[in-house]
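Below is one structure; the comments refer to it alone.
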Amino acid sequence: MKRRRPDADDASSRVGRARLTWLAVSALVVLSVISMVQLLRVHRFDPSTSAEATRLVATSSAKSPYAAIADRDVRPEPPVPSLGGAGYQFTDPVFRSRMLRITDANTRPDTVGRSWGSPASPETSAWNTTSTRFFVTGDGGEQIPFDFDPRGMTASRTGNRRNPAGGLVLGFGGEPSFSFLDPDVIYGLQGADPHKIVQYRFASGEERVVHDIASCLPGIASRGAGISVAADDQRLLTYVGGDVQDLDTHVYVYDRARGCRWLNAETGQVGGEWGPPGTYEGDHGWTIHNARMAKNGKWAKITAGSGSRVGVYFWNIDTLTVIPCPVGRPTRCSGHMVMGFDHVINHRGVTDGMQVAIRPLEDLKSVRPLIVPELRPSRFVIEIHPTWNNVRPDETQPVCTEVYRTDGRVERAWDGEIICIETDGLASTVWRFAHHRSQVASFGDQPRANVSQDGRFVLFTSNWEQTLGRGPDGPRHDAFLVELTPAAAPLSTRR
0 MKRRRPDADD
10 ASSRVGRARL
20 TWLAVSALVV
30 LSVISMVQLL
40 RVHRFDPSTS
50 AEATRLVATS
60 SAKSPYAAIA
70 DRDVRPEPPV
80 PSLGGAGYQF
90 TDPVFRSRML
100 RITDANTRPD
110 TVGRSWGSPA
120 SPETSAWNTT
130 STRFFVTGDG
140 GEQIPFDFDP
150 RGMTASRTGN
160 RRNPAGGLVL
170 GFGGEPSFSF
180 LDPDVIYGLQ
190 GADPHKIVQY
200 RFASGEERVV
210 HDIASCLPGI
220 ASRGAGISVA
230 ADDQRLLTYV
240 GGDVQDLDTH
250 VYVYDRARGC
260 RWLNAETGQV
270 GGEWGPPGTY
280 EGDHGWTIHN
290 ARMAKNGKWA
300 KITAGSGSRV
310 GVYFWNIDTL
320 TVIPCPVGRP
330 TRCSGHMVMG
340 FDHVINHRGV
350 TDGMQVAIRP
360 LEDLKSVRPL
370 IVPELRPSRF
380 VIEIHPTWNN
390 VRPDETQPVC
400 TEVYRTDGRV
410 ERAWDGEIIC
420 IETDGLASTV
430 WRFAHHRSQV
440 ASFGDQPRAN
450 VSQDGRFVLF
460 TSNWEQTLGR
470 GPDGPRHDAF
480 LVELTPAAAP
490 LSTRR
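End of the sequence shown = 494 in numbering that gives the first Met the number 0, gap-free, step of one.
Next up, the structure:
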């Protein structure tokens, strides 16, 4: 059955060296500032609108998390590199990032030819906390976990690789998500009974039921949708009520300390074991396409399936507040979106296809662009899937994405690339890491970038320009990953 698509000196000598280091760093900072001022004077440009200013800020930022190209030059794709099989390491020929092919036609020996890829939703946490394990998804709906060595950039199937399936196969209902606290735990809906929220522990192979949705909503349908996990693992969110995607009716939240809470988009009712019950203000009578939870567990983003006049809603879970965010004016909550803790990022596509913006969930009309100035000439045939699993409570970490054009061309910076975008408001840096080489003809071909929790790797899907052979359902695609080279030491994993 095909699946539904939709991170021995003494003290005095150390002090002396510290003083010298401080003086040297201070001198470099002063020289850098003087150099920047001189450049601005010589070139006489407006730093608020010039691409040259963006390059200067990108290359001179002392806080840059990545050692990567950050210019706006058009960088065409060279001839497609030839690949070895699963486990093949190589370097992107343009951006010089280390890359790894994860899967091939033999990844699951009992289903030779199957395609594999990154999760359908880039909001899914496909990586554990230490970047030592991730999972890919198969066209049969299964999830295949891999053990990963982040230093050596090697990946191998988890479990007994001598069994007929070639290793451990996870059969969650819908896509699971790794814990944000425990590297050994992943959460999902049980495949045999998708009413049950379960956690799986890799070390012991134990699956434990965390909560039964039917205990709170008896008789509700559950087809096995995706699951969201709060950063403290205290709340888990899914959506239920329908037999197929776009017909679900309830957003369902389980709080480990307080129990269940739900919102019925058809009737407008909110109920459960905690929080105020009642009917929220605003339109209802619509179905649910997708629902995700912010990392603080406070907000649910609900994408409507049908019957909605708006398209996107944000529910303050502890209250009866449901805020509409129309895809049209004035909010432009269009395109794919991803939440952090208190903010949401989307590509609005008003004046350009790469018009990416961030806004607070408390004030959805207060929009700050992340890419200034915008690329020229404008293009609107661009799709991205932002991923922000590396976000921390201060929300200053870059958001990553793939960029692909529906016409397949490379005419501007970032076309056909894996990139990360600065979010801290200090500059508009866009770091460039690799060409994903996927010619997108269907959902399966979409690269769907998925960043690790420590911000060091991106998992993505590619058909490698239709060179990966054919499977039972046509041209194959596989899972790949690229290293986001840190500027100095690996990004902090502290929370």
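Glycine included, every Cβ here is placed at the ideal spot set by N, Cα and C.
Ranking Asn462, Leu369, Gly454 and Glu421 by CA distance to the CA of alanine 440 puts Asn462 first. Excluding residues up to 5 positions away in sequence, Met98, Leu99, Arg100, Ile101, Phe459 and Ser461 lie with their Cβ nearer than 7 Å to the Cβ of phenylalanine 479 in the same chain. Within the same chain, Thr131, Arg132, Ala154, Ser155, Arg156 and Thr157 come within 8 Å of aspartate 146 by CB-CB distance, once the 5 residues on both sides are set aside. Going by beta carbons, glycine 352 and arginine 378 fall inside the 8 Å limit. With respect to the C-alpha of alanine 66, the residue from Leu180, Pro471, Arg367 and Arg431 having the closest C-alpha is Arg431. Secondary structure of alanine 229 (DSSP, three-state): coil. A direct Cα-to-Cα measurement between arginine 234 and proline 92 gives close to 43 Å. By the CB criterion at 8 Å, proline 275 and leucine 236 fall outside the cutoff.
Under the three-state reduction of DSSP, proline 323 is assigned to strand. The beta carbons of arginine 291 and lysine 297 sit no closer together than 8 Å. Going by beta carbons, leucine 188 and tryptophan 261 fall outside the 8 Å limit. Annotated as proximal: histidine 194 and alanine 213, with beta-carbon spacing under 8 Å. Residue ranges of uninterrupted beta strand (DSSP E) with 3 or more members, entirely inside the segment 61–144 and ordered along the chain, are 88–90, 97–100 and 132–137.
Comparing alpha-carbon positions, the option among Arg161, Asp109, Pro121 and Thr128 lying closest to glycine 139 turns out to be Asp109. Take proline 323, set aside five residues on each side of it, and the residues of its chain with a beta-carbon closer than 7 Å to its own are Gly281, Val309 and Tyr312, in chain order. In this structure, DSSP gives aspartate 444 a helical state, which the three-state scheme calls helix.
Here serine 124 is not near valine 250, since their CB atoms are 8 Å or more apart. Sixteen is the threshold: since fewer than 16 other Cβ atoms of the shown chains lie within 10 Å of the Cβ of alanine 191, the residue is exposed. Around proline 80, the same chain offers Phe89 and Pro92 as residues with beta carbons nearer than 7 Å, after the five sequence neighbours per side are excluded.
The DSSP-derived three-state label of isoleucine 417 is strand. Runs of the beta strand (DSSP E) lying entirely within the segment 336–387 and spanning at least 3 residues, in chain order: 336–338, 342–346, 355–359 and 381–383. Under the three-state reduction of DSSP, alanine 164 is assigned to coil, being neither helix nor strand. In the DSSP annotation of this structure, the continuous segment of the beta strand (DSSP E) that includes lysine 195 starts and ends at 195–200.
When DSSP states are grouped into helix, strand and coil, isoleucine 185 belongs to the strand group. Taking the Cβ atoms as the reference, phenylalanine 177 lies roughly 6 Å from tryptophan 126, within the contact range of under 8 Å.
Ranking Gly267, Ser437 and Glu394 by CA distance to the CA of isoleucine 357 puts Glu394 first. DSSP places histidine 249 in the uninterrupted beta strand (DSSP E) bounded by 249–254.
By the neighbour-count definition (other C-beta atoms within 10 Å, threshold 16), threonine 266 is an exposed residue. Here the C-alpha atom of serine 451 lies approximately 15 Å from the C-alpha atom of lysine 294.
Following the DSSP letters along the chain, one finds alanine 299 inside the beta strand (DSSP E) bounded by residues 298–303.
Residue pairing from DSSP places glutamine 268 in a beta bridge opposite Thr278.
Closest by C-alpha distance to phenylalanine 340, out of Ala230, Tyr279, Val402 and Asp148, is Ala230. DSSP places threonine 153 inside the beta strand (DSSP E), whose first and last residues are 153–156. Between histidine 283 and aspartate 245, the C-beta spacing is not below 8 Å. In this structure, the straight-line span from the alpha carbon of valine 398 to that of asparagine 105 is close to 33 Å. Apart from the 5 residues on each side of it in sequence, arginine 160 sits with its Cβ closer than 6 Å to the Cβ of Gly166 in its chain, given in chain order.
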